[in-house]
Structures are given as C-alpha cells and as structure tokens.
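Step one of this worksheet: look at the structure below.
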Amino acid sequence: MDIEYEVDGLVLRAKTWGDKKGYPVLGLHGWLDNACTFDRIAPLLSPDIYFIAIDLAGHGLSDHRDANSSYYLWDYAADILKVLDALGYKKISVIAHSMGTGIACILASAIPNVVEKMVFIDGLGPPFVAQKEEEVVVNFYRAIRQLRMAKKTKFFGFSSPETAQFSSVAAAIEERVDNPIGKISNNAVVNLLNRALIKLPNGYRWSHDPRIVLPERYRITESQAQAFIQAITCQTQIILGKQGLFSKGMFKARLSKFQQSKIHWMEGGHHLHLEEPHDKIALLINEFLQKEINNENY
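Numbering (the UniProt record's numbering), first residue to last: 1 to 298.
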C-alpha cells in the first residue's frame, strides 16, 4: 500500500506492508534506490510487523528539495524524525541498506529511547566520507566545480524535465546494472524501476533529483562516521554480502565501534536483499526482531 507524509511542505511517499497495528519497522533504502529495494524481503517479514519503506527526499516518488536545500545524511535523518514524530511511535526498529545505514546511525544516536534494534544490509554507516580532515576543503571545491559543470553541460540529468534520458526501459536497465557501487542484476533493477523511471512522450528519464548523483559539498570525516557508530546503543544485526562492498576486509575499524552487533556473511553482492538470499535475510530479521514483535508496547 502506498502512503505519503508531508514534512515542512515536502511530500515523502512510502510503501507499506502489514497491519497498521503491528510492530513498526522503518525501511531506509540506499543511494539512488527507492522503497522498492525492500520488495522481496518485506512480504516475508512476520505478519505482526508493520513495515514502512520511505522514498527518501529526491528519490523514487518523493518530492525533490528546493534549489537552496541539500541532501546531506542529517537532512534525510531530520525528515525521518519529523515523520516519526507525526506517527507517534514509542518504539521502532530499522532495516537499512547501504546509505540508509548512515541515516540509521544518526537516528539511533538522536532517539536511542525509540530505536530498539537495527538491521544493516551491506552498509556500515555513513558513506562517501573524507578519510582525512585536509580532504574536506578539496572535496568541497570539487563538488562545487562538478555541479557547475553538470548544469552547464546538462550531464547527469540536469536537462529540462521534458527531456528523455533513455529511448527505452532496456536502456535504463543497462545503465543501472553497471552502477558506480557494484553490479546489480537485471531482475533487481526491474524491481527498482517501478519507482525510478518517469515515462515521457519520447522516452524515459530518472525520477530522482540529479543533484544526488553528484558528490556532496561537505563530507564528514571517517573519524566522525565512527563516532556516530560508537554512539549506537541498540543491538544491530549486520548482514554483509560476500561479493558486496565489504568483501575485501574494508572498514574493519568501523565494525569494532559497534557496541552490540552480530555479523552475518551471505552469498551475494551489494543488493543481496534483492537477489537469491532474500528469503534467508527475511528469516534472520524475523528471528532478530521476535522479542520486540511480541512486546505490544509500541
């Protein structure tokens, strides 16, 4: 079922599964994805769960921010906090993928009394960070320059909204399969396209705000990212793909910062929850959240 929330004049759209009276679990998708990223695991979650997967601002079917606003992780987190305030839940859990795990880190540190448990799928907190403080200034300059260039050349979808980027759905699938953060199967891409493409008279274009394709002007440092992780007090289930972003032993320092975590390695790439292991992932999540599901004080 599709629903929408208004946050300071911005409309955020979402997909939901289950009974509204069930235990609330929030789904946070990754960069350039949308709520459809949970299409395969959501139907397999416990019938006692009410799962809400939100299209983040500038993604999927949600509104784009105005020209003077930004798409930093804390902006997304602020949106979600306002949605949760409106819904009035006393307790929730979070299932997050990729960039969504960075947003989840901020949420867990901001409202530790509300977030009971978190599930991270091939993500370990804030992405796209500066490894050293001196990189912050260089990154800022590069981001400004790339935005100016993109607007001038009409790259990355900065053409008018009436201009098609693809002549066919097949062409869009081909581009999305070879994405910057790891290969994704055709079938998985088809799932995402349900909320990612706009049909025009002469073709198709992406629904996301083209600004999110470009680097952020300000990037937090790796030490700051680890500080957010260290601030998480709830139990965190970490599910990583053996062929995903962390398959080469990256981010071991981040793993050491979690206070309460259990790691599961599974076959699959960065979007393993849209691939064959999705049923096993759903089973792990159901077992992990069983205690919270049985407690009706939410």
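All C-beta atoms, glycine included, are put in the ideal place defined by N, C-alpha and C.
Could you check how far apart the C-beta atoms of residue i and residue j are, in whole angstroms? I think they sit under 8 Å.
i	j	result
His97	His273	6 Å
Ile49	Gly22	5 Å
Glu292	Ser93	6 Å
Ala53	Gly27	3 Å
Asp122	His270	5 Å
Asp63	Leu10	5 Å
Give me, in chain order, the residues of the same chain whose beta-carbon lies closer than 6 Å to that of residue i; leave out the 5 immediate sequence neighbours on both sides.
i	result
Ile41	His273, His278, Ile281, Ala282
Gly268	Gly241, Glu275, Pro277
Glu222	Val129, Gln131
Met1	Thr16
Ser46	Asn286, Ile293
Ala231	Ser109
Leu61	Arg13, Asp55, Arg195
Ala77	Ile103, Ile106, Leu107
Phe288	Gln237
Ser167	Gly203
Glu133	Thr221
Cys36	Asn191, Leu192, Asn194, Arg195
Pro201	none
Looking only at its own chain, which residues have a Cβ that is under 7 Å from the Cβ of residue i, when we skip the five neighbours before and after it?
i	result
Leu73	Gly102, Ile103, Ile106, Pro126
Glu174	none
Asp19	Tyr50
Phe251	Leu124
Gln235	Lys117, Gln260
Val189	Ile173, Arg176, Val177
Phe258	Ile229, Ile232, Thr236
Trp265	Leu240, Lys242
By the DSSP assignment, the beta strand (DSSP E) with residue i in it spans what residues?
i	result
Ala78	Element bounds for Ala78: not the beta strand (DSSP E) but the alpha helix (DSSP H), 73-87.
Asp39	From DSSP, Asp39 is part of no beta strand (DSSP E); its letter is neither H nor E.
Glu116	115-121
Leu28	23-28
Leu12	10-17
Ser93	92-97
Asp2	2-7
Phe51	49-54
So is residue i in contact with chain C if we call contact Cβ pairs under 9 Å?
i	result
Lys257	No chain C appears in this structure, which consists of one protein chain only.
Whose CA, out of the options, lies closest to the CA of residue i?
i	options	result
Ile263	Ile184, His29, Gln237, Thr233	Gln237
Tyr71	Asp178, Glu292, Ser109, Leu32	Leu32
Ser69	Phe38, Val190, Asp209	Asp209
residue 360	Val190, Ala78, Ala57, Asn297	With the chain covering 1 to 298 only, the question about residue 360 has no answer from this structure.
Asp8	Asn34, Asp79, Pro43	Asp79
Ala67	Arg211, Asn295, Ile52	Arg211
Leu214	Asn179, Gln146, Phe38, Ser247	Gln146
Val114	Pro43, Lys91, Gly100, Val136	Lys91
Ala86	Tyr5, Ile184, Lys183, Asn297	Tyr5
Arg219	Val137, His64, Trp265, Leu44	Val137
Phe246	Ile95, Pro24, Phe120	Phe120
Skipping 5 residues on each side, what residues in its chain have a beta carbon closer than 8 Å to that of residue i?
i	result
Gln165	Gly157, Ser159, Ala172, Gly203, Tyr204, Arg205, Trp206
Val169	Leu193, Leu197, Tyr204
Ile111	Leu81, Leu84
Arg254	Leu124, Gly125, Ala225, Gln226, Ile229
Ile144	Arg217
Gly244	Asp122, Gly182, Gly268, Gly269, His270, Leu272
Phe140	Arg217, Tyr218
Lys151	Phe158
Locate the alpha helix (DSSP H) running through residue i, then write down its first and last residues.
i	result
His278	278-288
Ile111	Taken as a continuous stretch (DSSP letters only), Ile111 belongs to no alpha helix (DSSP H), as it is neither H nor E.
Between residue i and the ligand NAP, is the CB less than 8 Å from at least one heavy atom?
i	result
Val129	With respect to the ligand NAP, the structure shown offers nothing to examine, as it has no ligands at all.
Exercise for review: Quick one: which unbroken alpha helix (DSSP H) runs of 4-plus residues sit fully inside the region 205-260? Chain order, please.
Suggested key: DSSP runs (the alpha helix (DSSP H)) wholly in the region 205-260: 222-230, 252-255.
Check your understanding: Which whole runs of the alpha helix (DSSP H) in the region 144-200 are 4 residues long or more, in chain order?
Key -> Assignment of alpha helix (DSSP H) within the region 144-200, counting only whole runs of 4 or more residues, yields 169-177, 186-193 in chain order.
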